[in-house]
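Colleague:
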Amino acid sequence: MAVGIGSGGGGCSFSGAVQFFDITDRGEPRLLKTLHLTDWAGSVAFNPKRTELAIGGHDKKIYIINGTSPFNVLKILPEATDKIQSVTFNPNGTQLAAGGYDTEVRLYNVTNRFRLMKVLSESRGRITDIDYHPSLAELAVSSEDHRLRKYSGIPPFTLKQELNDLNTELQAVAYNPDGTQLTIGGNRTFVMIYDLLQQHFYSYSFSVPDSVTSISYNKSGIEMAIGFLNGEIMVYKKEEDIPTPINIYSLYGGSTRMIYSPDGKLLATWGSDDKIMMYQIVSRTVTGAVTKTVTEAVTTTVTEAGSEVSTESGTELKNASTLVALTFAASLTAALEGIIFR
-8 MAVGIGSGGG
2 GCSFSGAVQF
12 FDITDRGEPR
22 LLKTLHLTDW
32 AGSVAFNPKR
42 TELAIGGHDK
52 KIYIINGTSP
62 FNVLKILPEA
72 TDKIQSVTFN
82 PNGTQLAAGG
92 YDTEVRLYNV
102 TNRFRLMKVL
112 SESRGRITDI
122 DYHPSLAELA
132 VSSEDHRLRK
142 YSGIPPFTLK
152 QELNDLNTEL
162 QAVAYNPDGT
172 QLTIGGNRTF
182 VMIYDLLQQH
192 FYSYSFSVPD
202 SVTSISYNKS
212 GIEMAIGFLN
222 GEIMVYKKEE
232 DIPTPINIYS
242 LYGGSTRMIY
252 SPDGKLLATW
262 GSDDKIMMYQ
272 IVSRTVTGAV
282 TKTVTEAVTT
292 TVTEAGSEVS
302 TESGTELKNA
312 STLVALTFAA
322 SLTAALEGII
332 FR
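The sequence shown begins at -8 in the working numbering and counts up one residue at a time.
1) Of all the options P20, P61, T159 and D169, which has the alpha carbon lying nearest to the alpha carbon of N209?
2) Per DSSP, what kind of secondary structure is N178 in: helix, strand or coil?
3) Just to confirm, are V101 and T79 a CB contact at a threshold of 7 Å?
4) With DSSP collapsed to three states, give me the class of N158.
5) I need the straight-line Cα distance from E307 to L127, nearest angstrom please.
6) Do you know offhand how far F37's Cα is from Q76's?
7) Enumerate in chain order the residues of its own chain whose CB-to-CB distance from K151 is below 8 Å, with the five nearest sequence positions on each side excluded.
8) Could you work out which residue in G48, I145, T72 and G116 is closest to L28 when comparing CA atoms only?
9) DSSP three-state label for V199, please.
10) Apart from the five residues on each side of it in sequence, which residues of its chain come closer than 7 Å, Cβ to Cβ, to D73?
11) Which partner residues of D122 appear in the DSSP bridge assignment?
12) Can you tell me which of the three DSSP states T102 falls into?
13) Mapping the DSSP letters down to three states, classify D93 as helix, strand or coil.
14) Answer with buried or exposed for N115, where buried requires no fewer than 16 other C-beta atoms within 10 angstroms of its C-beta.
15) With H, G and I counted as helix, E and B as strand and the rest as coil, what does DSSP make of W31?
16) Does DSSP classify E163 as helix, strand or coil?
17) Excluding sequence positions up to five away, which residues of its chain have a Cβ less than 6 Å from the Cβ of D122?
18) Can you give me the C-alpha to C-alpha distance between E113 and A71, rounded to a whole angstrom?
19) Out of curiosity, what's the CA-to-CA distance linking M225 and A259?
20) Name the residue from M269, Y251, S246 and Q271 whose alpha carbon lies nearest to the alpha carbon of W261.
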């Protein structure tokens, strides 16, 4: 597991780091390496097919790291002219996309020593998030100019579609695992789901409690976790006979971002509370009035949608998918900016 960290501000000098953890045990992650940077680590991503790790820095550089010990720097990509906010690899690991404050997305050829192939410059606002379609050669880019753009993932990387009536500064975009939906969120309190089969927005775009900061699907695509600016994480599930996703559980306590592990068995959350909370998903289907207890290691409050239940021995979760917190809650001295499981 790689964790990107940012610190500084308030008169302090800015610095950053990436920490690597061994989570093989899944009970007590072990710190393997701390890689110090000159500025915040804005985003990190492992190559799904190879061993590289990409780090997007606020120092305008992309660091390509050997994702296994000794975690040495393989290459530095200096082309960006401002802070990098998002880095991601395509599903087969042959492309790297990076974007940020300079409003441009840069595409690199991984198999040719990360050669810069194309600069996508249509945006007029900061690039906030990038996601590749899981099977098609396509990538979606969200930005603060109220537009979502979809590009071809093969040369010449043409702009395929631009959605320009979204009325919000977009902050997060995510394809579901089977590539049939694209979910979008921003600084307005609603989430939009784009139907890639019908090519139109669902009419039931649903309301959420605050500005969206991140979106992540689990492996099966049944669950979708959404992080909010107020420090809340809400997990939604799509039921066959109900058009809008339903909230099945919520996590409180300062975490604004989260991600599922590739096997869907873990959920990690992090944010301004300076902690990583790692949850093990024990069961996704609970029938009747079943109550499960979450271990005392949980420092955030876990509730069912709409009500909070607390006991002396811990926090209970009723009528929802059950989470069990792992014994590890990493307390960091800086605000966490990014995390990825592999």
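Just so you know, even glycine gets a beta-carbon here, dropped at the ideal spot from N, CA and C.
Modeller: Result, derived from the coordinates:
1) D169
2) coil
3) no
4) coil
5) Low local confidence applies: a pLDDT of 27 at E307 is under 50, so the model's placement there is unreliable, with the coordinate-based value given in what follows. E307 and L127: Cα-Cα distance of roughly 42 Å.
6) 15 Å
7) E129, K141, Y142 and S143
8) G48
9) coil
10) K51, G91, Y92 and D93
11) A131
12) helix
13) coil
14) The question names Asn, but residue 115 is Arg in the sequence shown. With fewer than 16 Cβ atoms within 10 Å of its Cβ, R115 is classed as exposed.
15) coil
16) A small correction: the amino acid at residue 163 is Ala; Glu does not occupy that position in the sequence shown. Note: A163 maps to strand in three-state DSSP.
17) A131, V164, A165 and Y166
18) 15 Å
19) 13 Å
20) S246
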